[in-house]
Every structure is written in C-alpha cells, then in structure tokens.
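Everything below concerns the one structure shown next.
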Amino acid sequence: MQLGSFDRRHLQGDITVQLGDSGNLPGRLVGVVRDSGMQTDEIDDDRIYIAPSITWRGERSNLIVLASYQRDDTASSQQFLPVVATLRAPPGCKLDPGTFLGDKNLDKLESRVASATVLFDHALNDVVTWRSNWRYIDAKTDFLEIYADSYSNPEDPFVDDERRVVNRNIYGVKPNNRILTADNSLQFDFATGAFAHVLLAGVDYTDFREESSTFSGVTTPIDTYDPVSTGVVVPDYLDMPDQRSTKTGVYAQDQIRWADRVTMVLGARRDRVVSKTQGMPTRPTTKRPGAWA
C-alpha cells in the first residue's frame, strides 16, 4: 500500500497458490489499483491492472497461460506554460507549476490494453524439444488535449494588453491496435566429440494492425492567471487510413561449448516485412531481399 502527494492512494498485490493436490498446477494473480492526482491540477493518474496466470507441468510438457488487463484514466501533464510566465517571469507574475490550461471536462488519456499469452514446450525425446509461444494484444486509446499556444511567439504569447490571455489548440486521436505474435522453434541438444551443441531453429511472425481517427484545430483562449475554460467545441474526428504490417522471420542458432571454458555462437536470420496502408496502390507481391546475420 502506498500513500503520497497529490492524493495518491496505491494498492498492489501478488498472490501465488497451488491449484489441486497434484502440485504441478500453480496459479498466480497480480493486481494494481491506483487513485491519484498529479502535480498538474485537475489531472488524475488512475490505474487498474490485473494479470492472472496458470502453469501446468507434465512429465515432458509445460504449458503457461497468461492474461492481463490494464485501464488507465489520466491526461497529459504537459501544459506548455509560457516561458515568460514561468522561468523568465517578472517578480509576482510566475505561474504555479501545477497550472492547468486545458479543460477538465474534455482533457483525457483513456487507455485499455488486454492481452493473452500461451507458452508451450514439449520434449519429443532427450534430444529434441519443441516450443510454441503465442501472444495477442488488443489496445484502445482515447486521447484529447487542449494546450496553450506558447511556442508560435515564445517572447510574447499573450493576445491581450495585460499579458494574461493565450490562445489554445486542441488535438485528439483514437488509435485501436491489434497485435498477434508467434514464435515456433525446435531445439536440438547433442554433442560432436568434445563439443556440446544447443541448436535452435524456428520461425516467428508478427501481425500489427491499426485503425485510427484524429482531429486538430484551434479553440478558445484562456487566462493563464485565472484559468477558466469555456466555449470549447470538439471537432469531428477524421478517420485515418488503416495500417497493417506483417513480419515473418526464419532463424537458426548454434551455441557451441567446449570443456566449459570456450563458447561460440553462430547465428543466421532472414526477415520479410510487408506494410500496407489503406487506399494506397497495391503492388505485386515480390520476395524482398533479406539479410543474414
């Protein structure tokens, strides 16, 4: 349990238990709950995280299943406060570092990430072991920020004669990402004379997809010394072209050890990456050159 500045209340736990009487089925649960503010006024730093997992151990096989879910409710703490009202402010005119120039009803960073992972290995015999690992991630973010235009004219960003009011910009984005990764390999343990070998050969694959919408524009100004946000209208979101990127890799590696004194590793890998953007012309599929290293 943690208690801290800015009304920080944080609770986390990690519990491991044996499921059943066999002793080969441990389970684990990790969790976090946080309710907190930040140095910047009006901004929360809240989080919920839960990650259950279970492991099954057999005579020749092992299976681990993991899941996680994380939810963050916060906003951008970067307020772009004018330098002439902070570091270079005249006496009596310095803004408090916690000054918030956005809109407490609109500024947000809401993130949701869920994942599932499966790790499996099986010893086919005393020489060969097969491993198969998979992970899927689904991530959604809703980000909206209203921030001061303190950079167009850093020496004098104010738009009024009293040097108090600054213009503001508004920006929002909603990406939705889905990621699938897989890695399948065979491991060979053998010896050639005085040399012990661990030979690894496999294929890995990644499929990344993103759907996103965004907007940006100018919104109402604000008094930096008495910040009250009014009149903000959120523009319509514009759908961005869908993105997809896939990568397939083939690899091999030989770890060679001699007399527990000398180790040498030989490795080779070849990757093929394909990226696609919605609306772009489709090109014929060709085998692109890869690199062995």
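The numbering of the sequence shown is our numbering, which starts it at 2 and goes up by one.
Each residue gets a CB set at the ideal place from its N, CA and C atoms; glycine is no exception.
- No Cβ-Cβ contact shorter than 8 Å links Ile147 with Leu120.
- Looking at the DSSP output, Lys105 shares a beta bridge with no other residue.
- With a cutoff of 8 Å on beta-carbon distance, Ser54 and Val66 are scored as near each other.
- Judged by DSSP in its simplified three-state form, Val233 adopts coil rather than helix or strand.
- In chain order, Arg245 place their CB closer than 7 Å to the CB of Lys277, counting only its own chain and leaving out the 5 sequence neighbours on each side.
- DSSP lists Asp15 and Ala52 as the beta-bridge partner residues of Val31.
- Nearest in C-alpha terms to Asp73, of all of Asp150, Val174, Leu110 and Ala52, is Leu110.
- If one requires a minimum length of 3 residues, the beta strand (DSSP E) runs lying completely within the region 238-271 are 244-259, in chain order.
- The beta carbon of Ala197 lies closer than 6 Å to those of Arg258 in the same chain, with the five residues before and after it left out.
- For Arg165 against Thr225, the beta-carbon gap comes to about 6 Å, under 8 Å, which counts as contact.
- From the listed residues Ser151, Gly93 and Val128, the smallest Cα separation to Phe189 is found for Val128.
- Annotation for Ala197: the continuous beta strand (DSSP E) segment containing it runs Phe196 to Asp224.
- Nearest neighbour of Gln80 by Cα position, chosen from Gly21, Glu43 and Ser69, turns out to be Glu43.
- Within the DSSP secondary-structure output, Phe81 pairs in no beta bridge.
- Ala124 carries a strand assignment under DSSP once its states are collapsed to helix, strand and coil.
- Under the Cβ criterion (8 Å, minimum of three pairs), the region 7-14 counts as touching the region 30-42.
- A buried status is given to Phe159, since no fewer than 16 other beta-carbon atoms sit within 10 Å of its beta-carbon.
- In its chain, beyond the 5 residues on either side, Thr247 have a beta carbon closer than 6 Å to the beta carbon of Val275.
- For a cut-off of 8 Å, the C-beta gap from Gln279 to Leu201 is around 37 Å, too long to register as a contact.
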